[in-house]
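Note that the protein sequences, when read in sequence, are chains G and L. Under the working numbering, think of the first position of the first sequence as 11, with each following residue one higher. Under the working numbering, think of the first position of the second sequence as 27, with each following residue one higher. Worksheet: the structure to be examined is printed underneath.
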Amino acid sequence: MSVVEFKKVNYGASGKLILDNISFSVSEGNFVGIVGQNGSGKTTLVRTLLGLLRQSAGEVKLFGEAPEHFKDWRKVGYIPQKVIAGDSKFPLTAFEAVSLGLLSGKSNPKTMGGADRAKVSVTLKALDITGIGDKLVGSLSGGQQQRVMLARALVNDPELLVLDEPTAALDVAAGEAFMKLIRDLNEIRKVTVLLVTHDIANIGKYADKMLYIDNKMVFYGTFGDFCISPDAALYFGKYAQHIICHRHDHERAAGEVKNA
Amino acid sequence: MLEALHYAFIQKALLAGAFISVLCAVLGVFLVLKKFSLIGDGLSHVTFFSIALGLLFKTSPLYISVPVVAASSLGILKLTEKGKVFGDTAIGIVSSLGIAGGVIIASLSGGFNVDLMSYLFGSILTIQWEEVALSIALSALVIALVVFYYHDLVAAAFDEESAKVMGINTGRVNKVLVLLTSLTVVLSMRIVGIMLVSSFLIIPAASALQLGLSFRSTIMASAGFGLVSVITGIFLSYAADLPAGAAIVMVSFMLFCAAFGLRKVLGR
Chain G
11 MSVVEFKKVN YGASGKLILD NISFSVSEGN FVGIVGQNGS GKTTLVRTLL
61 GLLRQSAGEV KLFGEAPEHF KDWRKVGYIP QKVIAGDSKF PLTAFEAVSL
111 GLLSGKSNPK TMGGADRAKV SVTLKALDIT GIGDKLVGSL SGGQQQRVML
161 ARALVNDPEL LVLDEPTAAL DVAAGEAFMK LIRDLNEIRK VTVLLVTHDI
211 ANIGKYADKM LYIDNKMVFY GTFGDFCISP DAALYFGKYA QHIICHRHDH
261 ERAAGEVKNA
Chain L
27 MLEALHYAFI QKALLAGAFI SVLCAVLGVF LVLKKFSLIG DGLSHVTFFS
77 IALGLLFKTS PLYISVPVVA ASSLGILKLT EKGKVFGDTA IGIVSSLGIA
127 GGVIIASLSG GFNVDLMSYL FGSILTIQWE EVALSIALSA LVIALVVFYY
177 HDLVAAAFDE ESAKVMGINT GRVNKVLVLL TSLTVVLSMR IVGIMLVSSF
227 LIIPAASALQ LGLSFRSTIM ASAGFGLVSV ITGIFLSYAA DLPAGAAIVM
277 VSFMLFCAAF GLRKVLGR
């Protein structure tokens, strides 16, 4: 069974088709980078998958169910594009923020017991942010905030992690460190990952598949396939396709040297 | 000063005021963080309309205010959620409609009489035992509902989109929040009055937020600020012969200044 499945999905707003006939599926353990320019429908695609928007045509399945009927949200960890954590006055400590991730399996009145607190502590430790548990999320650096948001998404041991431009507000080094963390989660804990990004050349270093959309599907496959894809050549032009693949090879080699 | 405690009107004022202040201060934290704080102001103006209506028909304003203000709060939420108008615009429309309707009804019933003025500026020192009992009962109900939905309210205030992906029905949580607010505004009108009720919701929460505490501690601090404001304000009103509602708000503002100063000193 596919973890995620889109079949001929359309989504329209203000008379414009933002998602136009999108079809793809993601298998268990895949790491898929969703790439495209501003306004290409990446975030809309993610929001449709998570039931935050309803498609106007086609079929969306999350773990085999339509998102509006999906109940087991413990299986899904999500980091949205914008989190209120930027508000430094919001009175939520990193520990409290991470514990919110445990709410998905509980019914009202929801309580946080000793086992829950232990789970939060273990997750903070796993992400190497134990020391900031009592700090307000808004007072942390961008990199630390993203780790807290990741900890919130991971605390329930999800099977699918959905991240919408998680490194957009980070500097290059913090962004690299964060992406390596996601790759390790995918490789070691076998978490299926869907990651939205602008960076077409860099995503190939981490993701095993790439979905390029421009409101319509442009390409879906491995980065190797992208470099020889006639569809990608037609969309980008052969020269641009070559440059993207060359930059990817260059960044991959640089990453390997740094890791050696 | 302590001899004031022998008077039944002071006892009633302290009891009702303590419960309502804690209630307002707790709800206020969620409203301020969700940037809904002006909803209290808008609903208080609708309360003015419903009180004028109650006085016109010579029934207890409370019975008319609760359904009218609750319906208005849901109306504001619906307008905001559907994205048809901005949140502050929706509050502004409902608020001015409430004032205009209240003024028309007041003029039809012979102008602004003493009763209406007491609701406008509060008259905590004249409340009756049955109103005290009602305040305590409704405060207990609202606090119980806040406890029941506590984690959902926190999650929705922090990041509504992620809260939805956690399976939290944020639409229901928002409805609960505005309904509790409408009930609180109606309850508070006898204490601080319609004109000052929003300050009761906003200032203790804003003071607590200056301290840079965790969420749970912020709620406690806000309740503490509200409680101290009411108790000190009532004694100040007794000692200096000042209007109680206004004295409470002035104490609340002084506590805000202290919290603001403390934040600067602590460098938070």
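The beta carbon of each residue, even a glycine, is placed where N, CA and C say it ideally should be.
- Item | 8 angstroms Cβ shell around L/Leu100 - same chain, five flanking residues per side excluded | Residue numbering aside, residue 100 of chain L sits at position 74 when the second sequence is read from its first letter. Excluding sequence neighbours, L/Leu100 sits near Lys201, Val204, Leu205.
- Message: For a cutoff of 7 angstroms on Cβ pairs, would you count G/Ser114 as touching chain L?
- Response: In the first sequence, residue 114 of chain G corresponds to position 104, counting from 1. So yes, G/Ser114 belongs to the interface.
- Item | 7 angstroms Cβ cutoff, L/Thr244 in contact with chain G | Indexing the second sequence from 1 puts residue 244 of chain L at position 218. For L/Thr244, the answer is yes, since a Cβ of chain G falls inside 7 angstroms of its Cβ.
- Under the rule that 16 or more other beta-carbon atoms within 10 Å means buried, what is G/Gln155, buried or exposed? Locating residue 155 of chain G in the first sequence gives position 145, counting from the first residue. It is buried - the Cβ of G/Gln155 has at least 16 other Cβ atoms within 10 Å.
- Item | Inter-residue CB distance, G/Leu134 and G/Leu160 (contact presumed, cutoff 8 angstroms) | As a working note, residue 134 of chain G is residue 124 in the first sequence. As a working note, residue 160 of chain G is residue 150 in the first sequence. Going by Cβ atoms, the distance from G/Leu134 to G/Leu160 rounds to 11 angstroms, so no, they are not a contact pair.
- Query: Going by alpha carbons, who is nearest to G/Ala163 out of G/Leu146, G/Phe105, G/Ala183?
  - Reply: Taking the first sequence and counting its residues from 1, one reaches residue 163 of chain G at position 153. Minimum Cα distance to G/Ala163 is reached at G/Phe105.
- Would you list the residues sitting across from G/Ser35 in a DSSP beta bridge? Translated into positions along the first sequence, residue 35 of chain G becomes position 25. Answer is G/Glu15.
- Message: Here's a check: name, in chain order, each residue in its chain whose Cβ is nearer than 7 angstroms to the Cβ of L/Leu281, leaving out the five neighbours to either side.
- Response: By 1-based counting over the second sequence, the position of residue 281 of chain L is 255. Around L/Leu281: Ser233, Phe251, Val254, Ser255.
- Using beta-carbon positions only, say whether G/Ile213 and G/Gly87 come within less than 7 angstroms of one another. Looking up residue 213 of chain G in the first sequence gives position 203. Looking up residue 87 of chain G in the first sequence gives position 77. Not a contact, by the Cβ cut-off of 7 angstroms.
- Query: Curious, which full-length beta strand (DSSP E) runs of at least 3 residues does the region 156-184 of chain G contain?
  - Reply: 170-174
- With burial defined as no fewer than 16 other Cβ atoms inside 10 Å of the residue's Cβ, what is the status of G/Asn48: buried or exposed? Indexing the first sequence from 1 puts residue 48 of chain G at position 38. When all chains shown are included, G/Asn48 counts as exposed.
- Task: Find the residues of chain G that neighbour L/Ala181, judging by a C-beta separation of less than 7 angstroms, and give them in chain order.
- Result: If you number the second sequence from 1, residue 181 of chain L lands on position 155. Within 7 angstroms Cβ-Cβ: Leu110, Leu113.
- Query: chain G partners of L/Leu239, CB-CB under 7 angstroms?
  - Reply: For the purposes of this step, residue 239 of chain L is taken as residue 213 along the second sequence, with counting starting at 1. Here the neighbours are Pro101.
- Message: Can you check whether the C-beta of L/Ser188 is within less than 7 angstroms of a C-beta belonging to chain G?
- Response: Along the second sequence, one-based indexing puts residue 188 of chain L at 162. Judged by the 7 angstroms Cβ criterion, L/Ser188 is in contact with chain G.
- Message: For L/Phe56, which residues in the same chain have their Cβ closer than 7 angstroms to its Cβ, ignoring the five residues on either side in sequence?
- Response: Translated into positions along the second sequence, residue 56 of chain L becomes position 30. The residues are Leu179, Ala183, Leu203.
- If you compare alpha carbons, which of L/Leu103, L/Gly293, L/Ile131, L/Ile130 is closest to L/Phe118? Within the second sequence, the letter at position 92 stands for residue 118 of chain L. Per the sequence shown, residue 118 of chain L should be read as Gly rather than Phe. The residue with the shortest Cα to Cα distance from L/Gly118 is L/Leu103.
- Message: For L/Val275 and L/Ala231, what's the separation of their Cα atoms in angstroms?
- Response: Here the question's residue 275 of chain L lines up with position 249 in the second sequence. Here the question's residue 231 of chain L lines up with position 205 in the second sequence. The alpha-carbon atoms of L/Val275 and L/Ala231 are separated by roughly 13 angstroms.
- Terminal residues of the beta strand (DSSP E) in which L/Met192 lies: The residue you call residue 192 of chain L lines up with position 166 of the second sequence. Here L/Met192 belongs to no beta strand (DSSP E), and DSSP marks it neither H nor E.
- Task: For chain L, find out if any of its Cβ atoms is closer than 7 angstroms to the Cβ of G/Leu60; answer yes or no.
- Result: Here residue 60 of chain G refers to the residue found at position 50 when the first sequence is read from its first residue. So yes, G/Leu60 belongs to the interface.
- Message: Give me the chain G residues within the contact set of L/Ile229, using Cβ-Cβ distance strictly less than 7 angstroms, ordered along the chain.
- Response: As a working note, residue 229 of chain L is residue 203 in the second sequence. Here the premise fails: no neighbours, minimum Cβ distance about 15 angstroms.
- Touch test, the region 20-37 of chain G against the region 57-77 of chain G, Cβ-Cβ under 8 angstroms, three pairs minimum: yes
- Message: Tell me which residues share the same chain as L/Val111 and place their Cβ nearer than 8 angstroms to its Cβ, disregarding the 5 neighbours each side in the sequence.
- Response: Taking the second sequence and counting its residues from 1, the one referred to as residue 111 of chain L is at position 85. Hits under 8 angstroms: Leu105, Ile119.
- For L/Gly54, decide whether its Cβ has a neighbour in chain G, counting only Cβ atoms nearer than 7 angstroms. For the purposes of this step, residue 54 of chain L is taken as the residue at position 28 of the second sequence. Output row for L/Gly54: interface = no.
- Item | Simplified DSSP state of L/Thr115, which is helix, strand or coil | Against the second sequence, residue 115 of chain L aligns to sequence position 89. L/Thr115: helix per DSSP, three-state reduction.
- Message: Is there a Cβ of chain G sitting closer than 7 angstroms to that of L/Leu235, yes or no?
- Response: As a working mapping, residue 235 of chain L is identified with position 209 in the second sequence. Yes, contact with chain G.
- Item | Terminal residues of the beta strand (DSSP E) in which G/Tyr88 lies | The residue you call residue 88 of chain G lines up with position 78 of the first sequence. Here the beta strand (DSSP E) through G/Tyr88 covers 86-89.
- So what does DSSP say about G/Asp126, is it helix, strand or coil? To locate residue 126 of chain G, count along the first sequence from 1; it is residue 116. DSSP places G/Asp126 in helix when its eight states are reduced to three.
- Message: Assuming G/Phe41 is part of the beta strand (DSSP E), what are its boundary residues?
- Response: Translated into the one-based positions of the first sequence, residue 41 of chain G becomes position 31. It spans 41-45 - the beta strand (DSSP E) in which G/Phe41 sits, taken as one unbroken run.
- Task: Could you tell me which of L/Phe279, L/Phe226, L/Leu88 sits nearest to L/Ser161, measuring between CA atoms?
- Result: On the second sequence, position 135 is the one that residue 161 of chain L refers to. Looking at the Cα atoms, L/Leu88 is the closest of the given residues.
- Query: Does the region 175-191 of chain G come close enough to the region 202-210 of chain G that 3 or more CB-CB pairs lie under 8 angstroms?
  - Reply: yes
- Query: Nearest to L/Ser70 by CA position, among L/Ser149, L/Gly287, L/Thr244, L/Val94, is which residue?
  - Reply: To locate residue 70 of chain L, count along the second sequence from 1; it is residue 44. Out of L/Ser149, L/Gly287, L/Thr244, L/Val94, L/Val94 has the C-alpha closest to the C-alpha of L/Ser70.
- Query: Distance, Cα to Cα, L/Ala273 vs G/Ala107?
  - Reply: Sequence index remark: in the second sequence, residue 273 of chain L carries index 247 (1-based). Sequence index remark: in the first sequence, residue 107 of chain G carries index 97 (1-based). Their backbone Cα atoms lie some 38 angstroms apart in a straight line.
- Query: Excluding the five sequence neighbours on either side, which residues of its own chain have a C-beta within less than 7 angstroms of the C-beta of L/Leu142, listed in chain order?
  - Reply: Along the second sequence, one-based indexing puts residue 142 of chain L at 116. The answer, listed in chain order, is Ile77, Ala78, Leu81, Ala132.
- If we ignore side chains and look at the alpha-carbon of each, how far apart do L/Val8 and L/Ala97 end up? Residue 8 of chain L lies beyond the residue range present for chain L, which begins at 27 and ends at 294; the question has no answer from this structure.
- Task: Classify G/Phe229 as helix, strand or coil using the three-state DSSP reduction.
- Result: Residue 229 of chain G sits at position 219 when you count from the first residue of the first sequence. Note: G/Phe229 maps to strand in three-state DSSP.
- Quick one: is G/Lys120 near chain L, going by C-beta distance under 7 angstroms? Residue numbering aside, residue 120 of chain G sits at position 110 when the first sequence is read from its first letter. Interface residue, yes.
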